[in-house]
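J.: Position 124, counted from 1, in the sequence shown is what numbering that gives the first Met the number 0 calls 123; the numbers after and before it change by one each time, with no gaps. Right, I'll just put the structure down here and ask away after.
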Amino acid sequence: MTRWRLVLRLALQDLLHERRLAICSFIGLAAVLLPLILLFALKHGVMQGLREDLIENARSRMVVNQANRAFPESFIEQLSARPDVAFAIGRIRSLNADARFLTASRPAEPVLAELWATGPGDPLLGGAQPREPRDVVFSVAMAARSGAQPGEAVTLRATRVGGDGRREVLNLPMRLVAIAPAYALDRPAAFVEMRVLRLVDGFLNGEVAASAQPEAMPAGAAAPYAGFRAHARRLEDVPRLDAELRAAGVDVETRAVEVASLLNLDRSLGLLFALIAGMGGTGYLLSLAVGLYANVERKQRQLSQLRLLGLRRGEVVLLPLLQAVAVGMVGTGLAAVVAVGVVQLINGLNLAGAGHRAVAVIQLWHLAAALAATLLGAALAASFAAFRAGRVAPAEGIRDA
Numbered sequence: 000m001t002r003w004r005l006v007l008r009l010a011l012q013d014l015l016h017e018r019r020l021a022i023c024s025f026i027g028l029a030a031v032l033l034p035l036i037l038l039f040a041l042k043h044g045v046m047q048g049l050r051e052d053l054i055e056n057a058r059s060r061m062v063v064n065q066a067n068r069a070f071p072e073s074f075i076e077q078l079s080a081r082p083d084v085a086f087a088i089g090r091i092r093s094l095n096a097d098a099r100f101l102t103a104s105r106p107a108e109p110v111l112a113e114l115w116a117t118g119p120g121d122p123l124l125g126g127a128q129p130r131e132p133r134d135v136v137f138s139v140a141m142a143a144r145s146g147a148q149p150g151e152a153v154t155l156r157a158t159r160v161g162g163d164g165r166r167e168v169l170n171l172p173m174r175l176v177a178i179a180p181a182y183a184l185d186r187p188a189a190f191v192e193m194r195v196l197r198l199v200d201g202f203l204n205g206e207v208a209a210s211a212q213p214e215a216m217p218a219g220a221a222a223p224y225a226g227f228r229a230h231a232r233r234l235e236d237v238p239r240l241d242a243e244l245r246a247a248g249v250d251v252e253t254r255a256v257e258v259a260s261l262l263n264l265d266r267s268l269g270l271l272f273a274l275i276a277g278m279g280g281t282g283y284l285l286s287l288a289v290g291l292y293a294n295v296e297r298k299q300r301q302l303s304q305l306r307l308l309g310l311r312r313g314e315v316v317l318l319p320l321l322q323a324v325a326v327g328m329v330g331t332g333l334a335a336v337v338a339v340g341v342v343q344l345i346n347g348l349n350l351a352g353a354g355h356r357a358v359a360v361i362q363l364w365h366l367a368a369a370l371a372a373t374l375l376g377a378a379l380a381a382s383f384a385a386f387r388a389g390r391v392a393p394a395e396g397i398r399d400a
């Protein structure tokens, strides 16, 4: 048996010998840790739910201009190149961003829809992306109003009146490839490639013939865009994007205030948790330090005799440290087991407003962090007792022999 194993065995046997005091220490630590773990689980679960509501809804990260103005292609490219922007695309004048669609279920009743430009990686659509110029994605409201289903052929129709009073109609056969997620838009809308939008815009402006096809439209912008739609990469990027664009003279519409409120709430709850955890943890660690120090004072005779039998100063110092670590591990394990059970109970209560989401969430790293913090605190608390144990001289054992 090595000397280190001997020291560990002595420390654990001392705890076992005074098992009642040890059990009290285990329960005391668990009683302090349990409410802290539950508080953190509730904070994490609630905030995670709020963040998911905003993150899953891509409109929470959407940034659009409020008034039509000229935005060159270079502006959209610079916006897309920003590290805090996940997606950016131009918009045409809102006056020309409407069209009617004929569907199989309503061939004689065209349904009016907003036209939204889209492209690869559009957060509003997720995986429901148009792949070809004649592909279209309907919003949920548009699909319900038109009765169209993915895979059906639809016809985009736009009408203009020429200078001679003659009415011209653009009929563009298209294919409905998907229905956008419910969060994308709550009104009838159709997501199409930019070339389709340019075709409709050019037709309504009298610049493009009714026989024009989207495949023939140029890839680049022939004229400045009237607006843009961008999506921040993270929730934290929304307030900064909002502020920087407004500072540059671009009036935008965002959910920056709502996002900033959520982030402030997250920080405030984190600070509150840190204060509560700090106060509760400090109180227990002080009591643990006092208990270990008193234990060393009470066992000076036994410690000096161990020194007399050959234990080195450093090995005697380890005794209270190892005991503190043992208390920390057992107490944390006890608190973790009870906390997991209580969290299951809380989530099973089906609290109002929670829906299917867990109100309290405990992850493995939460428990690992609690154990690491507890062991560090226990070691610090035991350092005073360890210092006192190291000052016990072998001569005291000779006097008591």
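For each residue, glycine too, the CB sits at the ideal point set by N, CA and C.
Determine whether the beta carbon atoms of A29 and I361 lie at a separation below 8 Å.
T.: no
J.: Let me confirm a value: R19 is counted as buried when at least 16 other C-beta atoms fall within 10 Å, else exposed. Which label applies?
T.: By the C-beta density criterion, R19 is exposed, having fewer than 16 other C-beta atoms within 10 angstroms.
J.: For V84 and L78, I'd like the C-alpha separation in whole angstroms.
T.: 7 Å
J.: Find the nearest neighbour of A377 within the set G27, T1, V6, judged by alpha-carbon distance.
T.: G27
J.: Secondary structure at T253, three-state DSSP: helix, strand or coil?
T.: coil
J.: Under 8 Å, do R254 and S59 count as touching if we go by C-beta distance?
T.: S59 sits close to R254, with the two beta carbons spaced by under 8 Å.
J.: What's the gap between the Cα of L14 and the Cα of H365?
T.: Approximately 28 Å between the Cα atoms of the pair.
J.: Please report the residue range of the alpha helix (DSSP H) in which R197 lies.
T.: 193 to 203
J.: Quick check: what's the CA-CA separation for V110 versus L101?
T.: 7 Å
J.: Cβ of N346 within 8 Å of Cβ of V358?
T.: yes
J.: Check whether the Cβ atoms of V258 and L234 lie closer than 8 Å to each other.
T.: V258 is a Cβ neighbour of L234, given a cutoff of 8 Å.
J.: Taking its Cβ as the centre, do 16 or more other Cβ atoms sit within 10 Å of E76, making it buried, or is it exposed?
T.: exposed
J.: May I ask you to verify whether the region 170 to 189 touches the region 137 to 152, counting CB pairs closer than 8 Å and requiring at least 3?
T.: Short answer: they touch.
J.: Out of P217, H43, E252, which has the shortest C-alpha to C-alpha gap to L262?
T.: H43
J.: Give the secondary structure of V283 by DSSP, where H, G and I count as helix, E and B as strand, and everything else as coil.
T.: The amino acid at residue 283 is misidentified as Val; the sequence shows Tyr. In the displayed model, Y283 falls within a helix according to three-state DSSP.
J.: Compare the C-alpha of V316 against each of F383, R8, D265 and name the closest.
T.: F383
J.: Indicate whether L37 and V341 have their beta-carbon atoms separated by less than 8 Å.
T.: By the CB criterion at 8 Å, L37 and V341 fall inside the cutoff.
J.: Is the distance from the Cβ of V295 to the Cβ of R387 below 8 Å?
T.: Taking the C-beta atoms as reference points, R387 is found nearer than 8 Å to V295.
J.: Quick check: the Cα distance between R224 and G118, rounded to an integer number of angstroms?
T.: Checking the sequence shown, residue 224 turns out to be Tyr, not Arg. Roughly 15 Å separates the two Cα atoms.
J.: Rounding to the nearest angstrom, what Cα-Cα distance links G280 and Q12 in this structure?
T.: The alpha-carbon atoms of G280 and Q12 are separated by roughly 27 Å.
J.: Taking its Cβ as the centre, do 16 or more other Cβ atoms sit within 10 Å of D228, making it buried, or is it exposed?
T.: One detail in the question is off: residue 228 reads as Arg in this sequence, not Asp. Flag for R228 reads buried.
J.: Determine the contact status of L284 and A380, defining contact as a CB-CB distance below 8 Å.
T.: yes
J.: For the alpha helix (DSSP H) that A359 lies in, which residues bound it at each end?
T.: Note, A359: premise wrong, no alpha helix (DSSP H); not H, not E.
J.: Apply the 10 Å Cβ neighbour rule to S24 and answer buried if 16 or more other Cβ atoms are within range, or exposed otherwise.
T.: buried
J.: If contacts are defined as beta-carbon pairs under 8 Å, then L198 and P217 qualify, I think. What distance do you get, rounded to the angstrom?
T.: Contact doesn't hold; Cβ gap of about 11 Å is too wide.
J.: Whole angstroms is fine: what's the gap from V337's alpha carbon to L49's?
T.: 26 Å
J.: How many angstroms separate the CA atom of V6 from the CA atom of A57?
T.: So the two alpha carbons sit approximately 59 Å from each other.
J.: Please determine, among P122, E192, R130, the residue with the shortest C-alpha to C-alpha distance to A96.
T.: E192
J.: In the DSSP assignment, the alpha helix (DSSP H) including V237 goes from what residue to what residue?
T.: 236 to 246
J.: Name the one or two DSSP bridge partners that A113 has.
T.: Residue 113 is actually Glu in this sequence, not Ala. Answer is D97, A188.
J.: Is V195 buried or exposed, if buried means 16 or more other CB atoms sit within 10 Å of its CB?
T.: Flag for V195 reads buried.
J.: Roughly how many angstroms lie between the CA atoms of F86 and V256, to the nearest whole one?
T.: One C-alpha to the other measures close to 21 Å.
J.: Can you tell me whether DSSP reads I22 as helix, strand or coil?
T.: helix
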